[in-house]
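Just below is one structure, and these are the notes that go with it.
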């Protein structure tokens, strides 16, 4: 385990969902900024620092045709 991983084990992130990170919210922001957002129905989401998945799992449950991957330094 790395020193950073040990730090995350001793000070874990809260187990919360963050609405501003959902694919539909991100697509809306992209559109408002003049970007063409890809369809969200079959999106791919990478979350770096996902902890136990408190943010990622609710999104994956709502969007079964999409792919979600969370990675974290903590072994817990």
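In our numbering, the protein residues as written are 6 to 81. No residue lacks a Cβ here, since even glycine has one placed at the ideal position from N, Cα and C.
Span separating the alpha-carbon of residue i from that of residue j
i, j, result
"residue 72", "residue 49", "5 Å"
"residue 24", "residue 80", "26 Å"
"residue 77", "residue 37", "31 Å"
"residue 31", "residue 69", "18 Å"
"residue 85", "residue 54", "There is no way to answer for residue 85, as the model of the chain reaches only from 6 to 81."
Where the alpha helix (DSSP H) containing residue i begins and where it ends
i, result
"residue 61", "61-67"
"residue 30", "28-37"
Closer than 7 Å to chain D by CB, residue i
i, result
"residue 58", "The structure shown contains no chain D, having only a single protein chain."
Residue i vs residue j beta-carbon contact at 7 Å
i, j, result
"residue 75", "residue 52", "yes"
"residue 21", "residue 59", "yes"
Closer than 8 Å is the cut-off here; do at least three beta carbon pairs connect the region 53-65 with the region 36-44? no
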